[in-house]
Amino acid sequence: MPPRHSVPKSRFGLALGVGATLIALTGAQIASAATHDSSGSNATSNRRAVHSSTYVATAAKANPPIRYRALPLVKPHRGGNVVYLTFDDGPNRVWTPRILALLKRYHARATFFVIGRNVRSYPTIVTAETKAGHGVQNHSNTHPNLRRIHPDTVLAYRQIRPVNSLIRRLTGHIATCLRPPYGSFDLRVRKIAGGLGLRLALWTLDTVDWSHPGVAHIVRVGMRARGGSIVLMHDGVGGVQTYRALGRILAGLSKRGYVFRALC
Ligand SMILES: [Zn+2]
C-alpha cells in the first residue's frame, strides 16, 4: 500500500534527541533499562542507556523482554545491473503463484513482504516462494500503520514478532527486513524492528499498482529502474494489472541487461 503517511522531518529530528527516546521508553512500559556501561551513578547509567543505540527493556509481564536497537535502513548499492523487485501484502491465492511463474521464466529473484494474516491462510505459497529462491520478509501481522499505534509499543511489537516466527517456521530462514505498512515509521518503530533483528526496507520506485493505475503506468514506473533500484509492487491487490505489467517490466529490463535479485 502507498506511503499515505510520510515521515515528518520534525518528528525525526525530535526522535534523535533524548526526549523522544524517553517517550519510547515510557510507551514500552519499561521496568528496567540496561546499559553497556554499569559504572557511575544510576542517573549517569540511565543517561548512557538513553544515548546508547542498544538497550534492553522489560515490557508487560506476559511478554518477553523487548530489546530496542536502531539498525540502518536497507540501502542497496547504486549502479551495476541489479534491480530489486518487491511484492507486498501477500501471499495471495490467485496472483502470487502466477507472479512466481513469471519470475521463474526470467530467472528473476524477488522479495515478498508478507502479511502474517495471509501467511496463515496460504502457508504453502510462502514455502514455494522460498523454494524458488525468493526472499520472504516481514510486512506486519495485520497491516496497521505502526507509527499510529503509538504509544502502545507492545502492540507494535506484537505486529512484528509473530510474523518473524511464522517465516522462521515455514521457510527455515530468519527474517532480516521489515517493510513497515504504508512505509510509515519513526525511530520507535525502527528500534522495535531492530531489536527483533529487522532492518527497515523501503523502496525507490512506487508503481502504485494497488490503485490500478493501468498496466502502461506500472510499466512506465518499473522501466525507470536502474542498478540498485527497489521497485514496489503488490501480489494481490494489484491484481491482473500488476501481473501484466510485471511481464513487460521483466522483459524490458532484461533486454537492457538488468538482473533481478532478492533485496533481503
Ligand atoms: Zn502493504
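Numbering (my numbering), first residue to last: 2 to 265. Heads up, the beta-carbon is just placed ideally off N, CA and C, and yes, glycines get one too. Everything numeric in this text was worked out from a predicted model, so none of it was measured.
Should T208 go down as buried or exposed, given a rule of 16 or more other Cβ atoms within 10 Å for buried? buried
As a quick exercise: from L197, V75, A202, R170, pick the residue whose alpha carbon is nearest that of Y183. A202
Runs of beta strand (DSSP E) wholly within the region 69-147 (minimum 3 residues, chain order): 83-89, 111-115, 136-139
Can you find a heavy atom of ligand 1 that lies under 8 Å from the Cβ of P145? no
heavy atom of ligand 3 below 8 Å from P182 C-beta: Summarising the ligand content, the structure contains ligand 1 and does not contain ligand 3.
How long is the line joining the alpha carbons of L74 and G229, rounded to whole angstroms? 14 Å
Rounding to the nearest angstrom, what Cα-Cα distance links P214 and P66 in this structure? 44 Å
Kindly examine ligand 1 and report whether one of its heavy atoms sits closer than 8 Å to the Cβ of I116. yes
Determine the contact status of V127 and L86, defining contact as a CB-CB distance below 9 Å. no
For ligand 1, I want to know if H1 counts as a neighbour, meaning its beta carbon is within less than 8 Å of at least one of the ligand's heavy atoms. Residue 1 lies beyond the stretch modelled for the chain, which goes from 2 to 265, so this question has no answer here.
If you follow the alpha helix (DSSP H) that I193 is part of, which residue opens it and which one closes it? 188-196
Can you tell me which of R180, A194, G198 puts its alpha carbon nearest to the alpha carbon of L264? R180
For I67, which of helix, strand or coil comes out of DSSP? strand
Span of the beta strand (DSSP E), counted from its first residue to its last, around H235: 231-235
Using 9 Å as the threshold, is the C-beta distance between T97 and D236 below it? yes
Roughly how many angstroms lie between the CA atoms of G80 and H140, to the nearest whole one? 27 Å
Give every residue of the same chain whose Cβ lies closer than 6 Å to the Cβ of M234, excluding the five residues on either side of it in the sequence, and list them in chain order. F88, T208, D210, T243
Please find out if some non-hydrogen atom of ligand 1 comes closer than 8 Å to the beta-carbon of D210. no
With respect to 8 Å, is the separation between the Cβ of H174 and the closest non-hydrogen atom of ligand 1 below this value? no
Only counting the same chain, and skipping five residues up and downstream in sequence, which positions put a Cβ closer than 7 Å to that of V216? Q242, R245, A246
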